[in-house]
Every structure is written in structure tokens, then in C-alpha cells.
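Since the structure comes first, as C-alpha cells, the remarks are kept for the end.
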Amino acid sequence: MAERSTAAVDVADNSGDDPLTAKADTAATDGVAEDQKTAEKTAEATESKAVERQSGEQPPITAPELHSGHKLARRYRLEECVTRLDGFSSWRAVDEKLRRAVGVHLLPADHPRARSVLAAARSSALLGDPRFVQVLDAVEENDLVYVVHEWLPDSTELTALLAAGPLEPHDAYQLVSQVSQAMAAAHREGLAHLRLTPSAVLRSSTGQYRIRGLAVNAALRGITAERPQRTDTEAIGALLYAALTQRWPYENDAHGLSGLPKDVGLLPPDQVRAGVHRGLAEIAMRALANDGATASRQEPPCTTPDELAKAVAAMPRVKPPEPEFTAPPEYQHTTYQQGTYGRPQPRPVVTQPVVVPPAPLESRTGRALKWAVSALLIAALGLGSWQIADRLLAPEPKDETPIVHPSADDKPAPSKPIAISSAQDFDPPPGGNGSEYPESVANAYDGDVSTFWHTKNYTTAQFGNLKSGVGVVLDLGSAQKVGSVDLSLVGRTSVEIRTAPADASSAPSKAEGFTTQASKTGSDMKLKLIKPVTTRYVLVWLTELPLTDGEFRGQLTEVKVMS
């Protein structure tokens, strides 16, 4: 059995709920008498089901009895069951067609929640936001309903991170910032999570947070909410509270964390643990449902993920910790500094006489070599003296070339950064629909390399052969002289720098309206224009995307325009 990954798509976390146990029926194995017993049992079962329907009771649901090695759609091979709960099961599987690990949720087609699970999975798949674990397939086949989603073996659950201790303020800031922005984008599309626990949040090796189980985890358990935005906002507040204090902000223990003392209410984070970042503690209290109370009792509560994301963006940015200083190795004192200079040093005792070889040039061959070298030196000195005399006696040529001394005005001006007034995503027709996550464009020039603007996911590096590229248009506020552009991207990406005409009062609506000035492929690079160009609008045009987590997408972490 393969070792279970820390990033398994495990929906078994019930916050204290006990999973239901699947019951197996006993098969009859004896002749006609057993056939009669079977017929009697069938009649009794039919009568029992009728009574249950009349009384409104539902029979217990058992998860499909499948085993490792079973294949779905002749493609997905089940490897390990990670959850068996309430009539459904979750598996780690292998997509044999694409040769990658995937996660699979399975439940009977007649399960009362099968239709809602299919609808939730298909809605989540249409979102296509890389900040969420992607749904890859949702199928009803052979009396089974199964949902296939990404499996991220290089990511770590927030549950495991909190088990090691509270997060650093910078990590907690990134957590609440990224999760609140992602959930705000999901709610704008009408999708809610409703089960946003520490096991639903993953941190990748690059420090990016991703959310799994959007809409699907709640549908599998039949969870609903009258105010879904408030429910998800409170859940984000609980995640931040746990990240700051390593305590769950309620009385009951949950997710491997101890709860708060009973009958004292919701304590501010700085009363639970010393040294908590004050601004983040305030954000956590504003997000949690506590009758409007906050840490300072001055700011209004946040009731939607969008309000929470704006509150986080308004607070001062939390910087990462400074690298720890490593002392250099201890200096090795010399013999003089150690005070032993001039003292007689012990010498090894010579037990045998040392035979000293003759000098190299005292032999016959050595004497011949010495005469040959002397003759060559005399010849070289004579030749050199003749050349020197010839130069001294020759007339000096007149140099009529005027000497031009460079002035201070001829020196090139030093390169300086140009302020970016605003920016917008650029996804023109044909092929484009005019939108490539405009809400995250500001992350591309905010001075923080941990945030980024990203494209949608595509099936190929060339945008699924749907378009020639996508990008970001930078507005410099007025026409400026641009000499180069510095870019920082995630993964090896092909980029072109294009500029609008100098007299353009607005950005062109098509890529052809811009002029290509430089192109390059890489991740961190400086694109120097052929010659400085005066323009107001600069287009960062992505023409080929890197492969990230099994999907092709571009991620621009930082851009600087230089004069």
C-alpha cells in the first residue's frame, strides 16, 4: 500500500463527529431451504422499507464496496481509501491516461445527495481559479457517482502546520490575505465552501495557499447555510485565530487544537498567547461571530469575504522575518599573534645523514644549458637595442586627428524606475473573453513578490490554441521615456514587451495596436528595449505559459518599468 500523502484530499475531518460504520449483509449458502429463507427475508425487507417510507425514516446508507485496483471509466485506478463516511468514500487514485495522482469521491447514484454533489462539482470546475484545488471530472456511471479532483503531494495541510506551532506573523498574513481573496472571488460566482477547516487549506512548497473542497465537501455532507458569506467569513477568522494562537476559537477541541476555556467567551488572541501581531488579532476578531465585538471595539465586523479581503489590504503589510545572522568561524591566530614568534621551535631528530644532491647546473649538461641561455639573452638584448635606436632616430608622425573631450551632457542618464499609475488585464478577441482575473492585477506591481496576477488554466502552453496570448496593460499616467522592463514570473514563461503609440490617449483594444519592443523567455529577467521609447501604455504580453501543478498558467509576481 502506497504511503499516504500529507496533501491527500481527505474529507474525513468531522470536528468531533464519528463516522458511520458500513454494514455488510450475510449471504445464504445452503440449497432450497436457504432459498426459502431468502424469499422470506426479501419480503420482510420490502415490508420494512414500506414502513420506513410511511414513518418518514430513511434506511442507513452504505458506501460502495470497492477495492484497491478497481478502475473507473477504464482510466482511474483506485489505490487507497482515505475516507469512508455517511454513504460515500474518498480515494487516492491514479489517472493512467495522464500518469498522475488524483483524488476521487464515490457514492451510489441513488444516494439522496448524489444530484447535489454532481451539481456542486460541475459548478466548482467551471470556476477554474488556480487558488482552489481543481475538479477534473464529475460523472454518473454504472449506478455510481464519482468526482475526480487534483492531488497535490508537494503541499502541506494547515492542520500539520499548526501541529508544529503557531505561524509567523508574515505567514499568517499571507494565509488570511490569500484565502479571503480566493473566497471573495468564489462568492462573486455564486459558490460557497461552508466547510473551510484547517484540513481544507493547503500550503504549497512556494508558499501559496490553495483551498480544496469548494462546494463539494458541503454537498457530500448535506451542509447548507442561510448566510453562506457570513459562514465562510467566520471560518476564515477561525483559521487566522488558530494560526496566531494555536488554539481553536471555541470551547470544544477540534482539528487537533485545544479549545478556549469554558464559560469565558471569545478571548482576543493577545489574551491567549503573548506576542501576537496586533493588526492580525484585530482582523481575526472582526471576522469571527462575536456580537460585533472586536479587539479594540472600534472597527465594524466583517461579514463577507470581500469585506475581509479589503480590511486585510488596508492594514500595513506584514514583512517577512529578517534572515538569522550566522557568526563567522572563529579567527585562527598566527604564530606571531599567539606569542611564539622568535621562540625556538622543536625540530625532529635526524636519525640518518641526509644526502644533498648536486646543484642542477653543476653537471656537464647543466653547464651547456647555461651557455645556451646566455647566448640567447645577449642576442635578445642586441635586437631590442637596435629597435629602440631606430624608433628614437625616426621622425615623429603628425597626428592630425582632433582630440574630442566628452562633455557632461553626452553621458547617458542613469536608469530610474517609473511609477505605474494603474493596470488592467488584457484578453482581447479573437479567442479572448476580455477578462483574466482583473481583481488580482494590482498584485503584479505592489512590491511584494509573494503576491501575483495569474491567467486562467489552459490545456497547452499556447493557451489551448485558442488565442495568441494574454497580458497586463500598465498605465504610466502620462507619456514617459521607457528603456527597459524588469519581470519576475513563476515558471519559465515567454514574454513580449509592447508599447502603444506616443500620442495614444487610451490603451489600444487589440494586441496589434501595440508595437513589440523586446521579447525573452525565463522567470526573472530584464527586457531592454531596442531603443528608448516614449509611451504611456506598456503591454506585458505572455505568449507561452509554463506547466504548474498539471495545468498551464502564467503567474506575474512583480513588474517594474525603468527609464
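Numbering (the numbering used here), first residue to last: 81 to 643.
Think of the CB as a built atom: it goes at the ideal place given N, C-alpha and C, for glycine as much as any other residue.
Query	Result
Own chain partners of Thr615 with C-beta closer than 8 Å, once the 5 adjacent residues on each side are dropped	Leu556, Ala559, Gln560, Val562, Thr579, Ala580, Pro581, Ala582 and Ala584
Same chain, Cβ closer than 6 Å to Ala499, five either side skipped, listed in chain order	none
Residue interval of the alpha helix (DSSP H) (run including Ile610)	Ile610 -> not in any alpha helix (DSSP H); beta strand (DSSP E) instead, spanning Thr595 to Glu624.
Helix, strand or coil at Gln542 [DSSP, three-state]	coil
Exposure of Leu232, with buried meaning 16 or more beta-carbon neighbours within 10 Å	buried
Cβ neighbours of Gln214 in the same chain (closer than 6 Å, five flanking residues each side left out)	Glu230
Candidates Glu331, Glu402 and Val197: closest to Asp343 by CA position	Glu331
Contact the segment 536 to 546 vs the segment 586 to 593: 3+ CB pairs below 8 Å	no
Closest Cα partner of Arg202 within the set His191, Asp217 and Arg193	Asp217
Contact set for Lys177: own chain, Cβ-Cβ below 8 Å, skip 5 residues either direction	Arg155
Beta-ladder partner(s) of Met642, from DSSP	Pro497 and Ser564
Beta-carbon proximity check, Leu35 vs Ser235, cutoff 8 Å	Limits of the chain in this structure are 81 at one end and 643 at the other, which puts residue 35 out of reach.
Selection from Ser564, Glu638 and Leu609 that minimises the alpha carbon distance to Asn523	Glu638
DSSP three-state assignment for Ala582, whether helix, strand or coil	coil
For Gly302: DSSP bridge partner residues	Note: Gly302 sits in no beta bridge, so no partner.
In DSSP terms, what Thr628 is bridged to	Glu631
Reference Asp386; option with closest CA among Gly345, Ser260 and Lys450	Ser260
For Glu221, the three-state DSSP class (helix, strand or coil)	strand
Backbone secondary structure at Trp466 - three-state DSSP	helix
Contained alpha helix (DSSP H) runs [length at least 4] in the segment 235 to 259, N- to C-terminal order	238 to 243
Residue burial classification, Asp312 (beta-carbon count within 10 angstroms, cutoff 16)	buried
The segment 248 to 263 contacting the segment 222 to 229, beta-carbon criterion three pairs below 8 Å	no
DSSP-derived helix/strand/coil call for Pro188	strand
Length of the line joining the Cα atoms of Ala266 and His273	9 Å
CA-to-CA distance, Trp328 to Asp526, given in whole angstroms	33 Å
Closest Cα partner of Val620 within the set Gly549, Asp629, Arg366 and Arg633	Gly549
Bridge-paired residues (DSSP) for Ile291	Phe212 and Val281
Three-state secondary structure (DSSP) of His267	helix
Selected residue, minimal CA-CA separation from Ala367, among Lys450, Asp604, Ser257 and His191	Ser257
Boundaries of the alpha helix (DSSP H) in which Glu516 is found, first to last residue	Unbroken run through Glu516: none, as it is neither H nor E.
Residue from Asp629, Val529 and Pro612 whose Cα sits closest to the Cα of Asp604	Val529
Asp312: first and last residue of the uninterrupted alpha helix (DSSP H) it sits in	Pro308 to Thr325
Check whether His335 and Ser284 have beta carbons under 8 Å apart	no
Asp350 - containing beta strand (DSSP E), residue span	Counting along the chain, Asp350 falls outside any beta strand (DSSP E), though it belongs to the alpha helix (DSSP H) covering Pro349 to Val352.
Arg275 (DSSP reduced to helix, strand or coil)	coil
Extent of the continuous beta strand (DSSP E) to which His521 belongs	Just to set this straight, residue 521 is Val in the shown sequence, not His. Note, Val521: premise wrong, no beta strand (DSSP E); not H, not E.
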